[in-house]
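Numbering (this note's numbering), first residue to last: 11 to 294.
All C-beta atoms in this analysis are idealised placements derived from N, C-alpha and C, irrespective of residue type, glycine included.
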Amino acid sequence: MELGRLGVWYSTDKLDGPGLMALARRVEGLGYGTLWYPESRGYESFSLAAHLLASTTRLRVGSSIANIYARDAFTARRGLATLNALHCGRFILGLGVSHIPMVEGVRGHRYDKPVPAMRTYLDGIQADTQEDWPVLLAALGPKMLELAAKRSHGAVPYNVTPEHTAQAAAILGPGKVLAVEQKVCVETDKSKARALGRAELARYMTLPNYVNNWLRLGFTEEELKDGGNDRFIDAMVLSGDAATVKAGLQRHFAAGATHLAIQPVHAQGDVAARDAMLAALADL
């Protein structure tokens, strides 16, 4: 699974069709290896992947993540096979268990225990075939990371620190993909960067999967109150000039990341700022 050294993670629900095409072509043109996107309340994951793949010629496209409660395992397997057959093997299926509000509140399903639910889903994808499917798991805790090591090509952690990257690399072991997402804001005004960071992180602060992982990483409940204190925000959103941000990104590689997906954090609709950040960091 060749992802390239650097990729881009972006909240694609913010964009319309032409905007998505422009983003994908911009990412490809700057030399990034992979474009990652989520599945939340907007675009359906596999349909969106088809649009992004059709908009580019070399760029790999990865779901980060496709929600296992959004489609059964057989459908995911056929979607994975179809996209790769039609687009020269450029699609990577990142799978995740999502979060209780998204699964029970939005989709109306029952949220099962994460690791057994993912194991059963992988059984369905991998059943009756020797195909080496390009699958990664959204893994934060040690048990899901262990499952990723045994049953997939690796992991796509989100909202993590270099300390988590080191732990994940140790659990995954050699030969596995560790594609880490990291938010960035190329902005030297620290107060402005932190305000943008808090706005971006707000939707994650009430989700137990992330909160529990932050507590495991050593942040305290006090530090996570009221949108997060400065130490927490600075860890989640690397900010400063381009050289400072690059130095922070390098810490993930030093900790064992095999691929880094940078997520530009900017004011709503400020595509120019997004593209400027991507250009400034493309030569890491």
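Compare the C-alpha of residue i against each of the options and name the closest.
i           : options               : result
residue 151 : 80, 181 and 132       : 181
residue 238 : 68, 157, 205 and 291  : 205
residue 53  : 71, 43 and 26         : 26
residue 275 : 259, 198 and 193      : 193
residue 71  : 123, 58 and 242       : 58
residue 13  : 133, 164 and 260      : 164
residue 144 : 197, 293, 79 and 132  : 132
residue 245 : 263, 222 and 207      : 207
residue 50  : 22, 30, 42 and 38     : 22
residue 103 : 120, 118, 127 and 135 : 135
residue 259 : 191, 60, 43 and 30    : 191
residue 129 : 229, 146 and 11       : 146
residue 11  : 82, 216 and 142       : 142
residue 115 : 217, 48, 201 and 82   : 217
residue 267 : 197, 170 and 195      : 170
residue 98  : 119, 60 and 82        : 60
residue 254 : 195, 263 and 166      : 195
Please classify residue i as buried or exposed, where buried requires at least 16 neighbouring CB atoms within 10 angstroms.
i           : result
residue 96  : exposed
residue 77  : buried
residue 73  : buried
residue 108 : buried
residue 219 : buried
residue 16  : buried
residue 210 : buried
residue 183 : exposed
residue 284 : buried
residue 249 : buried
residue 111 : exposed
residue 241 : exposed
residue 313 : This structure cannot settle anything about residue 313, because the visible part of the chain is limited to 11 through 294.
residue 38  : buried
residue 43  : buried
residue 87  : buried
residue 89  : buried
residue 8   : Since the first residue shown for the chain is 11 and the last is 294, residue 8 is missing from the structure and cannot be characterised.
residue 232 : exposed
residue 28  : exposed
residue 223 : buried
One question on the structure: do residue i and residue j come within less than 8 Å of each other, judged by their Cβ atoms?
i           : j           : result
residue 252 : residue 291 : yes
residue 94  : residue 101 : yes
residue 62  : residue 40  : no
residue 55  : residue 91  : no
residue 298 : residue 113 : In the structure as shown, the chain starts at 11 and stops at 294, and residue 298 therefore has no counterpart that could be examined.
residue 176 : residue 247 : no
residue 168 : residue 148 : yes
residue 272 : residue 19  : yes
residue 227 : residue 269 : no
residue 288 : residue 256 : no
residue 172 : residue 117 : no
residue 75  : residue 30  : no
residue 155 : residue 178 : yes
Inset, instruction - May I have a chain-ordered list of the alpha helix (DSSP H) segments no shorter than 4 residues that lie completely inside the region 113-190? - result: Qualifying alpha helix (DSSP H) stretches, in chain order: 124-136, 152-161 and 172-182.
Inset, instruction - Indicate whether the contact test is met: 3 or more Cβ pairs, each with one atom in the region 22-38 and one in the region 61-68, closer than 8 Å. - result: Verdict: yes, contact present.
Inset, instruction - Specify whether the region 221-238 and the region 278-285 touch according to this definition: at least 3 beta carbon pairs, one from each stretch, less than 8 Å apart. - result: No, because fewer than three Cβ pairs between the region 221-238 and the region 278-285 fall closer than 8 Å, the two stretches do not touch.
Legend entry - the region 187-202 contacting the region 155-170, beta-carbon criterion three pairs below 8 Å: The answer is yes - the region 155-170 touches the region 187-202, with three or more Cβ pairs under 8 Å.
Legend entry - Complete runs of the alpha helix (DSSP H) confined to the region 17-45 [at least 4 residues]: Within the region 17-45, complete alpha helix (DSSP H) segments of at least 4 residues are found at 27-39, given in chain order.
Legend entry - Ranges of the alpha helix (DSSP H) found wholly within the region 62-113, counting only runs of at least 4: Runs found: 83-96.
Legend entry - 3 or more residues per run - each beta strand (DSSP E) lying fully within the region 250-294: Taking only runs of at least 3 residues, the beta strand (DSSP E) segments lying wholly in the region 250-294 are 269-274.
Inset, instruction - Kindly provide the ranges of any beta strand (DSSP E) runs that are 3 or more residues long and lie completely inside the region 190-226, ordered along the chain. - result: Taken in chain order, no unbroken stretch of beta strand (DSSP E) lies wholly in the region 190-226 with a span of 3 residues or more.
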